[in-house]
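Novice: Take this structure first; my questions come after.
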Amino acid sequence: MSVRTRFAPSPTGYLHVGGARTALFNWFFARKHGGTFILRIEDTDAARNTDAAYDVIYQGLRWLGLQWDEGPHAGGGYGPYFQSERNAIYEKHFAALEAKGCLYEDGGAIRFRSPRRTVVVEDLVCGRIAFDMSNPVTHPDMTIRRPDGSWIFHFVNVVDDIEMRLTHVIRGEDHLSNTPKHVELYEALGVKPPHFAHIPLILNHEGKKLSKRDGGSSITYFIDGGYAPEAVANYISLLGWSPKDNREFLALDEIRELFALENINRRSAIFDLDKCFWLNGQHLLHMSLDRFTDLALPFLEKAGIAYGAREALQPVLAIVKPKVKHLSDIPDWIGYFFDDAYPFDPAAADKALRKPGALERLAQLKEALAGVGDWTHPALEEKLKETAATHGVKTGEFIHPARVAVSGRAVGPGLYEMLEVLGRERVLARMDRAIAEFGA
RNA sequence: GACCCUAUCGUCCAGUGGCCUAGGACACCGCCCUUUCACGGCGGAUACACGGGUUCGAAUCCCGUUAGGGUCGCCA
Numbered sequence: 002m003s004v005r006t007r008f009a010p011s012p013t014g015y016l017h018v019g020g021a022r023t024a025l026f027n028w029f030f031a032r033k034h035g036g037t038f039i040l041r042i043e044d045t046d047a048a049r050n051t052d053a054a055y056d057v058i059y060q061g062l063r064w065l066g067l068q069w070d071e072g073p074h075a076g077g078g079y080g081p082y083f084q085s086e087r088n089a090i091y092e093k094h095f096a097a098l099e100a101k102g103c104l105y106e107d108g109g110a111i112r113f114r115s116p117r118r119t120v121v122v123e124d125l126v127c128g129r130i131a132f133d134m135s136n137p138v139t140h141p142d143m144t145i146r147r148p149d150g151s152w153i154f155h156f157v158n159v160v161d162d163i164e165m166r167l168t169h170v171i172r173g174e175d176h177l178s179n180t181p182k183h184v185e186l187y188e189a190l191g192v193k194p195p196h197f198a199h200i201p202l203i204l205n206h207e208g209k210k211l212s213k214r215d216g217g218s219s220i221t222y223f224i225d226g227g228y229a230p231e232a233v234a235n236y237i238s239l240l241g242w243s244p245k246d247n248r249e250f251l252a253l254d255e256i257r258e259l260f261a262l263e264n265i266n267r268r269s270a271i272f273d274l275d276k277c278f279w280l281n282g283q284h285l286l287h288m289s290l291d292r293f294t295d296l297a298l299p300f301l302e303k304a305g306i307a308y309g310a311r312e313a314l315q316p317v318l319a320i321v322k323p324k325v326k327h328l329s330d331i332p333d334w335i336g337y338f339f340d341d342a343y344p345f346d347p348a349a350a351d352k353a354l355r356k357p358g359a360l361e362r363l364a365q366l367k368e369a370l371a372g373v374g375d376w377t378h379p380a381l382e383e384k385l386k387e388t389a390a391t392h393g394v395k396t397g398e399f400i401h402p403a404r405v406a407v408s409g410r411a412v413g414p415g416l417y418e419m420l421e422v423l424g425r426e427r428v429l430a431r432m433d434r435a436i437a438e439f440g441a
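The opening residue of the first sequence carries number 2 in the numbering used here; numbering runs sequentially from there.
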């Protein structure tokens with residue numbers, strides 16, 4: 002039987018990193034085994050759900066690089082994939098339970114009568130766990146339907162997992178204690194339960210379940226904050242799972258191939274933004290320029306950078322790429338390349354341009370560079386060093402004023418690369434501008 | 001409170017009886033590389049919760065204690 006897994010979020014307007022990791026693990030497992038990954042929306046609380054809340058889920062999953070085989074926009078043979086549209090199916094199973102005498106009314110609501118036996122859960126991550134369900138005080142009969150006819154999570158979740166032919170239920174450990182109740186439902190419905198795999202929780206720095214108020218608990222935070230999707234997917238995959246060989250910098254494809262439920266550990270993990278940040282820098286550093294460009298574009302649009310054509314943009318991105326840690330920082334890194342009226346950072350100007358002799362050096366360098374035939378990094382470097390030697394000073398005496406003159410700032414890409422990309426015309430003009438501005 | 005899960009550096013992850021005077025990564029602290037900032041390199045500091053067993057031998061197995069987390073909803 003081919004593997005079928007699912008991610009079943011509720012449209013709350015928020016995609017939690019824990020939920021994202023659950024989705025990822027289900028997706029990895031399905032893909033690894035040539036199975037099917039299903040997206041099901043648990044929107045029984047229909048009144049509260051808005052279109053925007055659904056989109057947050059779709060966009061978040063797509064951003065991470067997950068595609069679902071069945072579900073909203075994808076179709077599939079076991080729909081509808083919204084619980085709000087599956088009422089007839091629930092009625093059918095409800096009637097079956099009723100016919101078997103498993104249900105009774107309590108204050109207008111309907112409860113499922115527990116068989117009151119010990120339920121053994123064979124969990125792929127946690128092992129064999131026996132739950133003694135005999136005491137009704139500690140394990141009260143669960144409600145499956147409210148007086149208004151609406152359904153309770155446990156019931157619809159189980160019914161859908163049956164109807165959608167799920168083979169593996171991979172979900173957060175917060176559901177482990179609910180599992181024996183679910184198993185009772187499967188048995189009452191005459192269906193063999195799927196395989197369960199409960200994955201450890203993600204905690205905040207206080208050691209509590211990561212919640213909405215915690216920074217970095219939402220995928221939106223990473224999208225807006227300039228993280229590469231592959232970095233976030235890489236990081237959250239490492240929470241509770243590892244390839245067991247100390248490798249950490251992994252592409253989505255690699256994780257998918259390496260993934261195994263047996264390698265999931267049982268300890269809950271504390272979310273560490275620092276490490277996610279580091280991994281982001283690593284992915285940015287090692288990805289292709291085309292990928293980097295694609296990811297940078299939205300941030301450039303948003304910042305209103307007039308970068309012109311992609312061909313003009315890429316050489317600039319190429320030289321800042323090794324330095325960038327957040328995509329959202331790119332506009333600041335490259336803004337002056339596309340704006341001749343760039344401002345001068347006061348501190349940088351004081352240090353490099355207002356020093357005695359600085360403008361003289363700049364003028365000497367400008368004259369020397371004007372004569373460079375081959376406007377490339379190596380030739381420019383050679384010429385600058387030669388000029389410094391001619392005047393008997395250290396190269397830094399030329400490098401620093403030049404950097405601040407052409408960019409307005411003390412920090413940036415390598416000077417020679419920057420000069421090469423800027424081109425002769427602009428470099429010479431910018432040096433003139435600096436000399437004029439600080440010469441008075 | 002009952003039930004369930006967990007317990008290795010501050011954090012994440014290795015380690016499933018001897019190869020561990022416990023390894024990797026982030027963060028931190030030095031040094032080097034680089035006349036920017038990064039990247040990179042080298043080095044440092046920091047952990048097997050505690051107590052009992054089992055064993056020739058335990059981070060690894062068992063029991064207990066303690067601590068943390070989760071579930072006990074007519075939320076999902």
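Every residue, glycine too, gets a C-beta built ideally from N, C-alpha and C. Quick caveat: nothing in here was measured; it's all calculated off a predicted structure.
1) Let me make sure I understand the geometry here. Which of 266, 203 and 267 has the alpha-carbon closest to that of residue 273?
2) Taking buried to mean at least 16 other C-beta atoms within 10 Å of its own C-beta, is residue 68 buried or exposed?
3) Just to confirm the assignment: which complete alpha helix (DSSP H) runs, minimum length 4, are found wholly within the segment 227-296?
4) Taking its Cβ as the centre, do 16 or more other Cβ atoms sit within 10 Å of residue 175, making it buried, or is it exposed?
5) Could you compute how far the alpha carbon of residue 79 sits from the alpha carbon of residue 165?
6) Is the separation between the beta-carbon of residue 169 and that of residue 195 shorter than 8 Å?
7) Can you check DSSP and say which residues form a bridge with residue 107?
8) Below 8 Å, how does it come out for the segment 406-413 and the segment 344-355: are there three or more Cβ pairs, yes or no?
9) Could you pull the start and end residues of the beta strand (DSSP E) that residue 40 belongs to?
10) Under 8 Å, do residue 28 and residue 224 count as touching if we go by C-beta distance?
11) Which word fits residue 1, buried or exposed, when buried means at least 16 other C-beta atoms lie within 10 angstroms of its C-beta?
12) Relative to the alpha-carbon of residue 30, which residue among 372, 227 and 254 has its alpha-carbon at the smallest distance?
13) How far does the beta strand (DSSP E) with residue 130 in it reach, from first residue to last?
14) Flag this pair as yes or no: are the beta carbons of residue 95 and residue 146 separated by less than 8 Å?
15) What's the gap between the Cα of residue 161 and the Cα of residue 177?
16) Report the residue from 324, 247, 84 and 302 whose alpha carbon sits nearest the alpha carbon of residue 284.
17) Return the first residue and the last residue of the alpha helix (DSSP H) that residue 359 is part of.
18) Please classify residue 337: is it buried, with 16 or more other beta-carbons within 10 angstroms of its beta-carbon, or exposed?
19) Using CA coordinates, which residue listed in 9, 222 and 271 is at the minimum distance from residue 208?
20) Which runs of the alpha helix (DSSP H), 4 residues or longer, sit entirely within the segment 319-365?
21) Using a 10 Å radius around the Cβ and a threshold of 16 neighbouring Cβ atoms, would you call residue 235 buried or exposed?
22) Take every Cβ of the segment 291-303, pair it with every Cβ of the segment 379-390, and state whether three or more of those distances are shorter than 8 Å.
23) Looking at the secondary structure, which residues open and close the beta strand (DSSP E) in which residue 433 lies?
24) Please go through the segment 46-94 and give each complete alpha helix (DSSP H) segment of 4 or more residues, from N-terminal end onward.
25) Between 379, 158 and 393, which lies nearest to residue 11 when the distance is taken from Cα to Cα?
26) Terminal residues of the continuous alpha helix (DSSP H) containing residue 404?
27) Assuming residue 422 and residue 320 make a contact with CB atoms under 8 Å, what is their CB distance in whole Å?
28) Express the C-alpha separation of residue 239 and residue 38 in angstroms, rounding to a whole number.
29) To which residues does DSSP link residue 6 through a beta bridge?
30) Figure out for me which residue from 400, 117 and 110 has the closest Cα to the Cα of residue 153.
31) Ignoring anything shorter than 3 residues, give me the beta strand (DSSP E) runs that lie fully in the segment 124-176, in order along the chain.
32) To the nearest angstrom, how far is the alpha carbon of residue 364 from that of residue 353?
33) For residue 122, which of helix, strand or coil comes out of DSSP?
34) Output the boundary residues of the alpha helix (DSSP H) element that contains residue 224.
Specialist: From the atom records:
1) 203
2) exposed
3) 230-238, 253-259 and 274-287
4) exposed
5) 5 Å
6) yes
7) The partner list for residue 107 (beta bridge, DSSP) reads 110.
8) Three or more pairs of CB atoms, one per stretch, sit closer than 8 Å, so the segment 406-413 contacts the segment 344-355.
9) 37-40
10) no
11) Residue 1 lies beyond the range of the chain shown here (2 to 441); nothing can be said about it.
12) 254
13) 128-133
14) Contact: yes.
15) 18 Å
16) 324
17) Per DSSP, residue 359 belongs to the alpha helix (DSSP H) from 359-371.
18) buried
19) 271
20) 331-335 and 347-353
21) With 16 or more Cβ atoms within 10 Å of its Cβ, residue 235 is classed as buried.
22) no
23) From DSSP, residue 433 is part of no beta strand (DSSP E) but of the alpha helix (DSSP H) over 425-440.
24) 52-65
25) Relative to residue 11, the option among 379, 158 and 393 whose CA is nearest is 158.
26) 397-408
27) 6 Å
28) 21 Å
29) Paired residue(s): 38.
30) 110
31) 128-133, 144-146 and 169-173
32) 14 Å
33) strand
34) 220-225
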